[in-house]
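Residue numbers (the working numbering): 5 to 925. All residues carry an ideal CB built from backbone N, CA and C; glycine is no exception. What follows is one structure encoded as structure tokens, with my remarks underneath.
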Amino acid sequence: MEYNPSQIESKWAKFWEQNQTYKVENGGSKPKFYILNMFPYPSGAGLHVGHPLGYIATDIFARYKRLKGFNVLNPMGYDSFGLPAEQYAIQTGTHPAVTTVKNINTFRSQLDKIGFSFDWSREVRTSDPAYYKWTQWIFMQLFNHYFDKDAQKALKVSDLVAHFEKEGNAKVNAVCDEDTPSVSAAEWNAMSEKEQQIFLLHYRLTMPEEAYVNWCPAMGSVLSNDEVKDGVSERGGYPVERKLMKQWAMRITAYADRLLEGLNNIDWSESLKEQQRNWIGRSQGASVKFDLALDPSVKIEVFTTRVDTIYGVTFMVLAPEHELVDSITTPEQREEIENYKKWTASRSEVDRMSEGKKVTGAFTGAYCINPFDGAKVPIYIADYVLAGYGTGAVMAVPSGDQRDWNFAKHFNLPIIPILDAQKDIETAADNTKEGRYINSGIINGMTYKEATQTLINWLEERGLGKGKVQYRLRNAVFSRQRYWGEPVPVYWKEGVPYLIDESELPLELPSIDEYLPTATGEPPLGRATDWKYKGEYEYELSTMPGWAGSSWYFYRYMDAQNDQEFASKAALDYWRQVDLYVGGTEHAVGHLLYSRFWNLFLYDLGLVPEKEYAKKLVNQGMIQGRSLFIHLKTGRSLHVQIQFADEKDRLFKDKYVAMTQIDNRFEGIDTEGDIAWQTDDAGKQFVVLTPEVEKMSKSKYNVVNPDDMIAQYGADCFRMYEMFLGPITDAKPWSTSGITGVAGFLRKFWSLMYDINGKFLVNDNEPTKDELKILHTCIKKVNDDIERFGFNTCVSAFMVCVNELKAAKCSKRAILNELTILLAPFAPFIAEEAWTILGNTPSVLNAAYPNANEAYLVSDAVVYPIAINGKTRGEISFPTGTAKDVIEAAVPDMEVVKKWVNGSGIKKIVVVPGRMINVVI
RNA sequence: GCCUUGGUGGUGGAAUGGUAGACACGCAGGACUUAAAAUCCUGUGAGCAUUAGCUCGUGCGGGUUCGAGUCCCGCCCGAGGUACCA
């Protein structure tokens, strides 16, 4: 019998389905284990070879845990709202829901081919109204709660209102907007309903807020940074500017401290936790108000982590978007400031930060006053100050901060030393906190600690500033000016947002004629006709962002069909939290922070049992793709869809034209004028593309699909090959060379059961000591390596085992049975087939996992390498367990040692038992 | 720029501070074959010597150690993220 993967694989796929092998119950006597993959966005390009990498690893782990006696939940679903389906809708008019279902079906059939042990009865889709009903429901809870600092948790807004009615907001210790006015009970009670509602928005955990966005006037829409390339829109190449817009936001900053704290209690990689800590960016400092020189009633507030350096301030820098810029600029400087603002508005935040070494800025002509010494400080604007962080204004201390120093040198501003320990500040800034202050008024002679406290006290006494904790973390923008997302369950009445009634959930997406913004620049939902709350009030027209649905989906898997609750208490109490979460580092500070935030909120409400939803997280490295770029004469460069290029990275003109017909990014590009065509020997025109290795993604047009490989080699081979590529945590570019090695291994495994003539080889002879050693070495290695996620070395271990069994001509049932169980998590199809061939009853997943017996692993002798001064010069064998001093005594008499010692004496002999010997001469 | 992460043969990679390159791919030579494919066997870090053997070698420069791919310090380069891709 020959190894025929396609036959075996369809046979067992059918068996698993008919026997519901992967159906999981909530409950039972076995211990539970919840394994979760980050769910995919079902793109039109289908599953690419990067997706299954993590899924295969978790599938191996799930099957392994199951064989070890756990009740394993291993679900899968789709993050099915997203831009690509909407783009396709804009181009073709096809409703995104239609595209999405089609794409999901493609994904599903691809996933099925790989043989995952997912329990599909628990599938979720974020774009399904039955699912997003609960996303909207959670949004409503956020709207109805505020964060109480005394209780350190979310409490009901209705309680807050009760408090306002009795005592106003003076004694309320809650997270709220910076500019929240204080009100007395009388003032509150005198407010109209509308005024009260507007006031409460200062406290709600989700609220409308002004935020900067990439606005593309030509397209009438907001773009992601991803859609902006070189300062213009990727599609069409239109100019993009930064614009302030009213957006729904989530008050994630309220949870900043608890999000930091929670990191200490979860088993996530240190690097990932560090990224979250840096993203949250807690810094202790002070806010200080500077009076405007011409009008002391105008104050400019800055946040600084080094208030001790305040006597070294020689200028002030505002973000170009700072609200005071226009009013303080003098007539003489107006033109310069306007030009600079225009220039920065055309650049994204990333652009602005990434040119950090190039100093740019403009002088407003205005001055402010240093509150400590009354010094007149010139006010500049510069793009290294970001509007979104802190107050959008910094006090510049060139002697202590390198960016300020660069700026001062460029604009010829003074640099004042402030600490006697500062090094030569004419060549670079020195941010030391050592030494004692000089040139520093009331803090002269003090140390860093004394000075900071003295200054803060001075400021607080005069109401000019205060000690403050600042977070880099900003409130998360929650609106998207798009169609294909969850509708926000809010309607507007006289400019005030209200929640719709809970009984009206889900608020479903209305159908619209075109998936574009309206003529007046409103989001696509503005096109819906007769879409009014109670036929009267306008619904919120923006939709929720991609991260909404993914912030709680792990709970839905526990009880996916429930239409009364997002998940039942019984299901939540049984599964509690995810035991193992696997996904890419690219989600480190997006999804993984937002979902922790929602989880803490749900925990505060008593709706979920754990403060952290994912106990352990493993970062899978990304499979990278090879992208190709076309450079236009205009200076723009664009990704080219890889399937249109030839193997030499050339793009021929006919292919280019074919591509432009299906890809509207190329609209407006002049085929003749903008592209530097070359001509080959046959007279055909082509252009050479530039390759680059980067993440595999549909948006980079570099995806590789697994289907062909599976058709050719089978799913078992594909699974093992993906694991064999390298450690799961490492990023690596995709390559198919080498898959034949894994294919050869599977054939070799098969050949232990049938020879090339189809003769059945399996026998019941007693295994020898050597054969047991081969098997148990493999058991031990595979066991250890699965536990530490070293799946690539597991595959090597299997190869070694099969190579050695083959060399020993071993086809003994006792050996092959155990090897088959061991192999089952990796290559489930061939394992099921082998399991029945060996005379057992399927499924192999119901077998007992073998344990390594140390007794089979010990050898009679240990071969010691002998090093002279650390360099290996030979080896010698000692019986296992030979004492250290016996070995030491034997060393000087050995040939190699004598040769190298050659007269000079032995200084030292290092013997590491069971390892090696080093002779120092 | 900032945060995170990685850099080992021609390639993917292996290596609790203890024989660098396991296991594969590729390549070369051989067997089988009319021939090719498939399969099997042998060799394969670089250099010198071509027998023994020797020297160099884990991005670069230092350091700790009997011993460093592994630990420490300083650089260089790639990748991911950078708040509307998901």
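Starting from the C-beta of residue i, find all residues in its chain whose C-beta is less than 6 Å away, skip the five residues before and the five after it, and write them out in chain order.
i: His-780; result: Ala-856, Asn-857, Tyr-860 and Leu-861
i: Glu-544; result: Val-492 and Val-494
i: Asp-768; result: Arg-817
i: Arg-476; result: Gly-285
i: Tyr-725; result: Ile-743 and Val-746
i: Gly-525; result: Gly-224
i: Tyr-26; result: Ser-121 and Asp-123
i: Lys-345; result: Pro-324
i: Ala-948; result: The structure shown does not extend to residue 948, since the chain is modelled only from 5 to 925, so the question has no answer here.
i: Pro-869; result: Thr-876, Glu-879 and Met-920
Start and end of the beta strand (DSSP E) containing residue i?
i: Arg-286; result: 286 to 296
i: Tyr-344; result: First-last for Tyr-344: 338 to 349, but that is the alpha helix (DSSP H), not the beta strand (DSSP E).
i: Pro-56; result: Run containing Pro-56: none in the beta strand (DSSP E); it sits in the alpha helix (DSSP H), 55 to 71.
i: Lys-380; result: 380 to 385
Going by C-alpha to C-alpha distance, which of the options sits closest to residue i?
i: Asp-405; options: Asp-434, Thr-210 and Arg-751; result: Asp-434
i: Thr-431; options: Ile-446, Lys-413 and Asp-424; result: Lys-413
i: Lys-198; options: Thr-348, Ser-444, Thr-110 and Pro-501; result: Pro-501
i: Val-890; options: Ser-908, Asn-906 and Val-915; result: Val-915
i: Gln-31; options: Leu-77, Thr-589 and Lys-160; result: Note that residue 31 is Gly in the sequence shown here, rather than Gln. That would be Leu-77, whose Cα lies nearest to the Cα of Gly-31.
i: Gln-565; options: Lys-137, Thr-840, Ile-383 and Asp-768; result: Lys-137
i: Val-786; options: Ile-646, Lys-659 and Leu-823; result: Leu-823
i: Asp-684; options: Thr-694, Leu-655 and Gly-672; result: Leu-655
i: Asp-667; options: Lys-160, Arg-239, Gly-748 and Ser-515; result: Arg-239
i: Met-223; options: Asn-410, Ala-215 and Ser-237; result: Ser-237
i: Thr-664; options: Gln-682, Asp-653 and Gln-645; result: Gln-645
i: Glu-21; options: Leu-71, Phe-65 and Gly-119; result: Gly-119
i: Val-329; options: Val-317, Ala-366, Asp-312 and Phe-307; result: Ala-366
i: Gln-114; options: His-52, Gly-748 and Lys-247; result: His-52
i: Tyr-59; options: Met-42, Leu-71 and Ala-166; result: Met-42
i: Tyr-585; options: Glu-13, Ser-47 and Ala-61; result: Ala-61
i: Pro-695; options: Leu-423, Ile-634 and Asp-563; result: Ile-634
i: Asp-658; options: Gln-689, Asp-678, Leu-632 and Trp-409; result: Gln-689
For the alpha helix (DSSP H) holding residue i, just list the boundary residues, first then last.
i: Gln-200; result: 197 to 204
i: Ile-712; result: Rather than Ile, the amino acid found at residue 712 in this sequence is Asp. It spans 711 to 717 - the alpha helix (DSSP H) in which Asp-712 sits, taken as one unbroken run.
i: Arg-654; result: No alpha helix (DSSP H) holds Arg-654; the beta strand (DSSP E) holding it covers 654 to 656.
i: Ala-574; result: 573 to 579
i: Gly-369; result: From DSSP, Gly-369 is part of no alpha helix (DSSP H) but of the beta strand (DSSP E) over 366 to 373.
DSSP puts residue i in a beta bridge; with which residues?
i: Met-920; result: Val-916
i: Trp-645; result: Note on residue identity: the sequence assigns Gln, not Trp, to residue 645. Partner(s): none; Gln-645 has no beta bridge.
i: Arg-262; result: According to DSSP, Arg-262 bridges with nothing at all.
i: Glu-696; result: Ser-631
i: Cys-220; result: Ser-225
i: Ala-215; result: Met-249
Helix, strand or coil for residue i per DSSP?
i: Pro-953; result: Here the chain comprises residues numbered 5 to 925, so residue 953 is not present and cannot be evaluated.
i: Glu-726; result: helix
i: Trp-252; result: strand
i: Met-320; result: strand
i: Tyr-4; result: For the chain, the structure presents residues 5 to 925; residue 4 sits outside this window and is missing.
i: Met-562; result: helix
i: Glu-879; result: strand
i: Phe-37; result: strand
i: Val-76; result: strand
i: Gln-682; result: strand
i: Val-28; result: coil
i: Asp-83; result: coil
i: Gln-624; result: strand
i: Met-548; result: coil
Apart from the five residues just before and just after residue i, which ones in its own chain have a Cβ nearer than 8 Å to its Cβ?
i: Thr-334; result: Thr-368, Gly-369 and Ala-370
i: Glu-29; result: Asn-75
i: Gly-266; result: Arg-600, Leu-604, Lys-615 and Glu-616
Spatial neighbours of residue i within its chain, please: C-beta separation below 7 Å, excluding the five flanking residues on both sides.
i: Cys-372; result: Phe-294, Asp-295, Leu-296, Ala-297, Ile-304, Met-320, Val-381 and Ile-383
i: Trp-551; result: Gly-594, His-595 and Tyr-598
i: Pro-527; result: Gln-485, Arg-486, Pro-521, Leu-545 and Ser-546
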